[in-house]
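Residues in the sequence shown are numbered from 5 upward in steps of one, following the numbering used here.
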Amino acid sequence: TRAPLAVDPRFWSWALKHGVEPRDCRPDFVGSAREGWRGVVATAPIAAGATLLRVPTALLMSGRTAAADDVLARALSEHHERDGEPPLTPTDRLAVHLLRELSRGAESFWHLYLRQLPRSYALTCGWTAAERNALQLPHAVDAADRSAAACRDAWARATPVMEKIGLPATYRSFGAWAWAAATISSRTVFVPFDAAGALCPVGDLFNYVPPTPPHVPKVVGTPLEGPSDERDDEEDDENDSYFLRRGVGGDGAWHEASDAWVFVARRDYRKGEEISLCYGQHTNLGLLTHYGFTMSHGENAHDEAPLVVDAKTLDVDFPAAVGDVGSYRNAHEICVFPRGGVSWSTLERLRLAAHATLVGKPPGKDVRERARRGEALGAACETLAHEAVVAAAAAALTSAPTTAAEDAEIVARMEAEGVELAANVDEPGGVARDGSLA
């Protein structure tokens, strides 16, 4: 099989030699000449349900292969038995395993695979404090801070083991650890025998596509008038178009019977079309935190903007007086989807809070039942709830130190100057692409 241009021919030969089976697909460059990227494309028409790729379990890097390394297994066992040492998590163990294999250079079984891994990532776990603060919104900065702190804590836990197995200083630095953590977070596949997942050669070349868009209640007439259970033809056509453009692509699972990780097409593909993989429902912040990228405006229907409704606008304390509406206790905390819609439960909470504000007491059972069915509670309630959401959005936007227009100008200027647009978590410093110390 002729090696794809998107990967090292030696890596492709290694993968095929050890049992990787691509079926009517291959790694390739996709996108435009200006903004291309590496992915997997169909080499022939593919029907939904067809097997795309098989990767033998023997090629996966996981806790199983870590246990097969006598030196590493002994160090992990001794660390586990030592009093006073914090235990390593499965992800910690896999990160140590990855760095040990990288340090071995050409002696590692996965040497050619490791050469294919990105040299840097943009996951928030390795961002500086200044870079994390540049996210501006409190919830985003907090998520990035927690990610970075967790990475530091994991590095501290694993350092004694890395020293025990004799990893060179380059490979046990925080930069090396952050690179390994980013690799595992963004590239592992689920396996039932290791909570950390497994690194999957070739299988990690599939790019992401979001799952089916969430149902957003249709509100017409007054600002939040009752949603309809029936979706009209225009909406169905729009969703069908979405599925054709961004429908769930490939998917997969580990098959015990065949002892392989198997990727399957979730929809039909034309020859030359990129095959994408859905690996969960994520907001853009979640994608940035766990995978190191975000999707363009409008591409991720699952993105959310968390907002806080001012207690002066809506009676957010009303649920405390109602015994059976515990799910509404945080009615002042809502999330808005990219096109301005809200979920069914959020709409229900807003309507009940608006009703309580207007009547001056908690809503009765009949009112709560109407809200649960998706009914509007009156034009005044709809207007008040709508105004509360608008005010919350305005408060969030005006609290940021820069405007969206200013941000766009900064990004455009950075792109023109060729500046990297996200902080990088780099491969261990001083490590050449052949895995040796430079």
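Glycine included, each C-beta is placed from N, C-alpha and C at the ideal position.
Since the structure is predicted, the reported quantities are computational estimates derived from the model, not experimental observations.
Residue nearest to valine 193 within the set Thr132, Leu80, Gly67 is Gly67 (criterion: CA-CA distance). Annotation for leucine 57: the continuous beta strand (DSSP E) segment containing it runs 55-60. Between the stretch 102-111 and the stretch 175-183 there are three or more C-beta pairs closer than 8 Å, enough to call the two in contact. Inter-residue distance for glycine 382 and arginine 343 is about 24 Å (C-alpha atoms, whole angstroms). Taken in chain order, the whole beta strand (DSSP E) runs of length 3 or more contained in the stretch 334-363 are 337-340. In terms of CA proximity to glycine 201, Ile188 leads the group Ile188, Asp208, Pro91. Our two residues, leucine 139 and threonine 387, have alpha carbons roughly 32 Å apart in a direct line. A direct Cα-to-Cα measurement between valine 45 and leucine 121 gives close to 19 Å. Sequence-distant partners of aspartate 28 (beyond 5 residues in either direction) whose C-beta falls short of 7 Å from its own C-beta, in its chain, are Ala46, Thr47, Ala48, Ile50. Counting only runs of 4 or more residues that sit fully inside the stretch 79-107, the alpha helix (DSSP H) segments are 94-107, in chain order. By the criterion of a C-beta distance shorter than 8 Å, asparagine 288 is surrounded in its chain by Thr298, Met299, Asn304, Asp307, once the five residues flanking it on both sides are discounted. Three or more beta-carbon pairs drawn from the stretch 256-269 and the stretch 59-74 are found closer than 8 Å, and the two stretches are therefore classed as touching.
Beta-bridge analysis with DSSP links tryptophan 258 to Trp265. As computed with DSSP, threonine 192 is found in a beta bridge with Leu203. For leucine 311, there is no enclosing alpha helix (DSSP H); the residue is part of the beta strand (DSSP E) that begins and ends at 309-312. Cβ contact annotation for histidine 301 (same chain, cutoff 8 Å, sequence separation greater than five): Pro342, in chain order. When the five nearest sequence neighbours on each side are left out, the beta carbons in the same chain lying within less than 8 Å of the beta carbon of alanine 404 are those of Gln140, Leu141, in order along the chain. Bounds of the beta strand (DSSP E) holding arginine 30 are 29-35. One thing to note: phenylalanine 197 has its Cβ no nearer than 8 Å to the Cβ of leucine 281. Taking C-beta separations shorter than 8 Å and ignoring five residues to either side along the sequence, the partners of leucine 291 in its chain run Tyr212, Phe297, Thr298, Met299, Asn304, following chain order. With fewer than 16 other beta carbons inside 10 angstroms of its own, valine 415 counts as exposed.
DSSP, read as helix, strand or coil, puts leucine 64 in coil. Histidine 259 and phenylalanine 33 have their C-alpha atoms roughly 29 Å apart. DSSP, read as helix, strand or coil, puts serine 124 in strand. Only residues of its own chain outside the window of five on either side were considered, and among them Ala10, Pro31, Phe33, Leu209 have a CB closer than 7 Å to the CB of arginine 42, listed in chain order.
Taking the Cα positions, alanine 392 is about 11 Å away from threonine 361.
Aspartate 198 is bridged by DSSP to Val195. Judged by DSSP secondary structure, aspartate 157 falls within the alpha helix (DSSP H) whose first and last residues are 142-168.
For the pair alanine 199 and valine 312, the Cα-to-Cα distance works out to about 35 Å. Per the C-alpha coordinates, the member of Phe267, Gly276, Ala400 positioned closest to tyrosine 283 is Phe267.
Residues of the same chain with their beta carbon placed closer than 6 Å to that of threonine 402 are lacking, with the five preceding and five following residues left out of the count. Judged by DSSP secondary structure, serine 403 falls within the alpha helix (DSSP H) whose first and last residues are 383-403. Of all alpha-carbon atoms in Pro205, His294, Ala409, Ala52, the one lying nearest the alpha-carbon of alanine 147 is that of His294. Around the beta carbon of valine 371, 16 or more other beta carbons lie within 10 angstroms, which makes this residue buried. Straight through space, the alpha carbons of tryptophan 183 and alanine 99 are spaced by roughly 9 Å.
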